[in-house]
Amino acid sequence: MNGLSFIRRRCNLSQGQLAEKLGVTRQAINLWENRREPLPEARKEQLSRFFGLEPELFDEITQAQEDALFHRPCFMYRDDDGHDYFLFRENPLRPVGCLLRETTGQPFTQDEQMILDRRELEEMLDILRQAVFPKNGSRWTAWDSNVAMNRMRCILGGMTDALEAIQKQPKERKMDCFYLMMQVELALALALGGIEEADLPHQKLDDAPGLDTDHIAGLATEFQNWLSKRAEMSDALFTK
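Count along the sequence shown starting at 1, add 12, and that's the number in my numbering.
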């Protein structure tokens with residue numbers, strides 16, 4: 013069992029909520045939870061400070077470690093929006109401490125897992141909606157809004173077309189196609205600084221099924237080179 017995934021759910025935090033508190037992207041959290049090799053030490057130290065747990069608990073953990081975490085005291089924290097979550101370090105604003113009930117820490121039922129997954133999907137959809145308009149959107153004209161919506165429609169339209177095309181592939185090829193799509197998305201996130209290369213799983217082409225880290229890094233370099241060329245072209249245009 014991945015320790016980070018287990019601890020995050022134990023503490024009543026979605027991937028998006030944890031990402032916001034750590035100052036990283038939700039995609040980075042998802043990568044950390046699905047990688048097969050240990051996290052970099054710097055990441056484990058960051059998680060250790062936040063949750064109040066030993067760094068080694070954020071890699072793969074044993075059943076005995078899971079059982080021990082069920083019985084470790086948690087302390088209640090509350091977000092500004094009223095969401096309650098729990099950490100393994102005492103809340104200075106609640107010095108008495110509120111222990112998480114052991115029943116709350118039991119493995120999720122299928123229904124509970126579905127609710128949590130739906131909440132995380134809604135968070136991602138909210139991010140997409142916010143990406144259509146910038147923070148100063150109130151100052152935009154109707155033309156600006158139409159341009160922004162059409163841009164997002166083209167971006168999501170390309171993803172939709174790819175997903176529909178994947179469904180038409182032979183069943184034995186579908187997973188490779190899904191992983192290829194994820195690799196392109198991760199490469200773009202890496203090129204733009206949304207994630208770091210250390211966040212990627214160290215997987216190779218012959219790992220089946222899985223992500224090819226070398227391919228992701230190579231694509232990211234190609235994207236960065238393309239952006240650099242575009243920047244040079246723009247600079248040359250404005251200096252004429």
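Built from N, CA and C at the ideal position, the CB exists for glycine as well.
- For the pair residue 244 and residue 229, the CB atoms are not nearer than the 8 Å cut-off.
- Non-local beta-carbon contacts of residue 67 in its own chain, meaning distances under 8 Å to residues more than five positions away in sequence, involve 53, 56, 57, 59 and 60 in chain order.
- Contact annotation: residue 78 and residue 13 have beta-carbon atoms nearer than 8 Å.
- Counting every other CB atom within 10 Å of its CB across the protein chains shown gives residue 86 a total of 16 or more, marking it as buried.
- Rounded to the nearest angstrom, the gap between the Cα atoms of residue 185 and residue 178 is 9 Å.
- Here DSSP, grouped into helix, strand and coil, assigns residue 103 to coil.
- Residue 151 has its alpha-carbon roughly 50 Å from the corresponding atom of residue 81.
- Note on geometry: alpha-carbon atoms of residue 65 and residue 105 lie some 19 Å from one another.
- For the pair of segments examined, the stretch 69 to 76 was found not to touch the stretch 25 to 37: the number of CB pairs separated by less than 8 Å stays below three.
- The C-alpha of residue 203 is placed about 10 Å away from the C-alpha of residue 238.
- Shortest Cα-Cα distance from residue 38 to any of 175, 207, 144 and 154 involves 207.
- Residue range 183 to 204 is occupied by the alpha helix (DSSP H) that includes residue 190.
- Taken atom to atom, the span from the alpha-carbon of residue 62 to that of residue 22 is near 14 Å.
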